[in-house]
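Asker: These protein sequence lines are chains S and A, in that order.
Under the working numbering, think of the first position of the first sequence as 604, with each following residue one higher.
Under the working numbering, think of the first position of the second sequence as 4, with each following residue one higher.
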Amino acid sequence: MPDDSTDNAKSMSIIVTKGSLDWAYPPFILGTTAAAMDMKVTMFFTFYGLPLLKKKLNMKFTPLGNPAMEMPMFGGHMAMPNLLSVMPGVGGAAGKMMKNLMKQKGVASIEDLREASVDLDIRMIACQMTLDLFEYKTEDMIDGIELGGAATYLEVAAKSDINLFI
Amino acid sequence: MAEHELNAEGLNCPLPILKAKKALKGMDVGDTLKIRSTDPGSVADFAAFCTHTGNELLSSSSEGDIYLFEIKRT
Numbered sequence: 604m605p606d607d608s609t610d611n612a613k614s615m616s617i618i619v620t621k622g623s624l625d626w627a628y629p630p631f632i633l634g635t636t637a638a639a640m641d642m643k644v645t646m647f648f649t650f651y652g653l654p655l656l657k658k659k660l661n662m663k664f665t666p667l668g669n670p671a672m673e674m675p676m677f678g679g680h681m682a683m684p685n686l687l688s689v690m691p692g693v694g695g696a697a698g699k700m701m702k703n704l705m706k707q708k709g710v711a712s713i714e715d716l717r718e719a720s721v722d723l724d725i726r727m728i729a730c731q732m733t734l735d736l737f738e739y740k741t742e743d744m745i746d747g748i749e750l751g752g753a754a755t756y757l758e759v760a761a762k763s764d765i766n767l768f769i
Numbered sequence: 004m005a006e007h008e009l010n011a012e013g014l015n016c017p018l019p020i021l022k023a024k025k026a027l028k029g030m031d032v033g034d035t036l037k038i039r040s041t042d043p044g045s046v047a048d049f050a051a052f053c054t055h056t057g058n059e060l061l062s063s064s065s066e067g068d069i070y071l072f073e074i075k076r077t
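1. Which of helix, strand or coil does DSSP assign to CYS730 (chain S)?
2. THR843 (chain S) lies in the beta strand (DSSP E); which residues open and close that run?
3. Leaving out five residues before and five after ASN10 (chain A) in sequence, what residues of the same chain have Cβ atoms less than 6 angstroms from its Cβ?
4. Measuring straight from C-alpha to C-alpha, what distance separates GLU6 (chain A) and GLU73 (chain A)?
5. May I ask you to report which of helix, strand or coil DSSP gives VAL759 (chain S)?
6. If distances are taken between C-alpha atoms only, which option among A:LYS75, A:LYS28, A:CYS16 and A:GLY13 comes closest to THR54 (chain A)?
7. So, are the CB atoms of ALA729 (chain S) and LEU750 (chain S) less than 8 angstroms apart?
8. Report buried or exposed for GLY33 (chain A), applying the criterion of at least 16 other Cβ atoms within 10 angstroms of its Cβ.
9. If we define contact as Cβ-Cβ less than 8 angstroms, is ILE632 (chain S) a contact residue for chain A?
10. Say whether the region 15-26 of chain A touches the region 705-720 of chain S, bearing in mind that this needs 3 or more beta-carbon pairs closer than 8 angstroms, one atom from each stretch.
11. Can you name, in chain order, every residue of its own chain whose Cβ lies under 6 angstroms from the Cβ of LYS762 (chain S), other than the five neighbours on each side?
12. Would you kindly check if the distance between the Cβ of GLY634 (chain S) and the Cβ of ILE725 (chain S) is under 8 angstroms?
13. Give a yes or no on whether the minimum CB-CB distance between PHE49 (chain A) and chain S is below 8 angstroms.
14. Taking a cut of 7 angstroms between CB atoms, which residues from the region 50-61 of chain A lie near chain S?
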């Protein structure tokens, strides 16, 4: 089988700082697509992005503090006032709605995109400091990840063509 | 030169690209991949994908709501 890797392959790094259902999409979509386009991809998971490396994903979604969010509804669009978003059960219901909508529209699940990331040999680095801070164990994380810190990331970023902070 | 097929109907970004990449990886150089997609964004995306990866976009067309692509593995 021919080899895809070339010496002049482009590279991309992404700092993943957010782990809610909606925010998990941009890094995984861009990471997998870049890898599919033969780019060398490194993802650095830190703070609230770190739980995205847990074996068991349990992403939450909330419309709270997101006044620009509009859900398609009855042929139009509906925004959710913050006052309503704090009501018990609203966040959970909105999360369910979002997941249903994604399924309906053929949007990949984060689980699928993460699996694709592993298949595409994306280098995934877990922030050691965040592990310590929030008391996560490496046993709870998926296989094949590395541990590292700011210097590890910067060494990669310094030679990457694209560097994103999400 | 073998011809391969990929049905990406109903899939949204970035799945058509990811599935196409997976299919291309398993093909020999010179083989062609015929893709069916319903994602309007895939028209621009397959063009960009081929420009960047060097695979040849032999054709890009549509039949009603279906977008058809033919990519040659290079």
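Using N, Cα and C, we set each Cβ at its ideal position, and we do this for glycine too.
Answerer: In terms of the structure at hand:
1. DSSP places CYS730 (chain S) in strand when its eight states are reduced to three.
2. This structure cannot speak to residue 843 (chain S), because chain S is shown only from 604 to 769.
3. ARG39
4. 10 angstroms
5. helix
6. A:LYS75
7. yes
8. exposed
9. yes
10. yes
11. none
12. In contact: ILE725 (chain S) and GLY634 (chain S) (Cβ atoms closer than 8 angstroms).
13. no
14. PHE52, HIS55 and THR56
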